[in-house]
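*Asks:* Handing you a structure now.
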Amino acid sequence: MYLPSLDRFDVAAAAAAICLLVFAYFVYPTHLVQVTAWLTVFTISVGWLAFFLWKWMYAAQSHATWEFGHRRTTPTRSQT
Numbered sequence: 001m002y003l004p005s006l007d008r009f010d011v012a013a014a015a016a017a018i019c020l021l022v023f024a025y026f027v028y029p030t031h032l033v034q035v036t037a038w039l040t041v042f043t044i045s046v047g048w049l050a051f052f053l054w055k056w057m058y059a060a061q062s063h064a065t066w067e068f069g070h071r072r073t074t075p076t077r078s079q080t
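1 is the number of the first residue of the sequence shown in the working numbering; add one for each residue after it.
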């Protein structure tokens with residue numbers, strides 16, 4: 001099985017987590033903000049993992065006819 005390529009949602013999740021930690025440790029370094037940032041990073045990572053696994057399994061099961069929930073628009077031989 002192959003791993004799906006990273007897309008803009010993967011980059012957005014990583015960027016959000018990094019920005020939260022930078023804010024919590026350099027901009028407003030209080031204990032409450034740091035704990036909240038870590039809980040938010042954990043939530044983002046769990047959501048990202050669920051999305052990544054869904055994308056990986058869904059693309060592996062029906063790679064030929066479906067692409068991330070939408071039918072492909074490339075014409076078949078009978079349509080050309």
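Heads up, the beta-carbon is just placed ideally off N, CA and C, and yes, glycines get one too.
Only a predicted model underlies this, so the values are computations on that prediction, with no experimental measurement involved.
I'd like to check one pair, L53 with T40: are the Cβ atoms closer than 7 Å?
*Replies:* Residue numbering aside, residue 40 sits at position 40 when the sequence shown is read from its first letter. Residue numbering aside, residue 53 sits at position 53 when the sequence shown is read from its first letter. No. Outside cutoff.
*Asks:* Short of 7 Å in beta carbon distance, which residues of its chain neighbour L3, apart from the five on each side in sequence? Order them along the chain.
*Replies:* Working through the sequence shown from its first residue, we reach residue 3 at position 3. For L3, where only same-chain residues beyond five positions count, the Cβ hits under 7 Å are W56.
*Asks:* For Q34, I'd like the list of residues in its chain whose CB is within less than 6 Å of its CB, leaving aside the five on either flank, ordered along the chain.
*Replies:* On the sequence shown, position 34 is the one that residue 34 refers to. If we look at Q34 and ignore the five residues flanking it on each side, its Cβ neighbours are A24.
*Asks:* Count the other CB atoms, across all protein chains shown, that sit within 10 Å of the CB of A37; report buried if there are 16 or more and exposed otherwise.
*Replies:* For this step, residue 37 is matched to residue 37 along the sequence shown. Per the 10 Å Cβ criterion, buried.
*Asks:* Measure the alpha-carbon distance for S45 versus L6 and round it to whole angstroms.
*Replies:* Within the sequence shown, residue 45 is the residue found at index 45, counting from 1. Within the sequence shown, residue 6 is the residue found at index 6, counting from 1. Roughly 14 Å separates the two Cα atoms.
*Asks:* If you count every other CB in all the chains shown that lies within 10 Å of the CB of A13, and 16 or more means buried, which is it?
*Replies:* Locating residue 13 in the sequence shown gives position 13, where the first residue counts as 1. Under this definition A13 is a buried residue.
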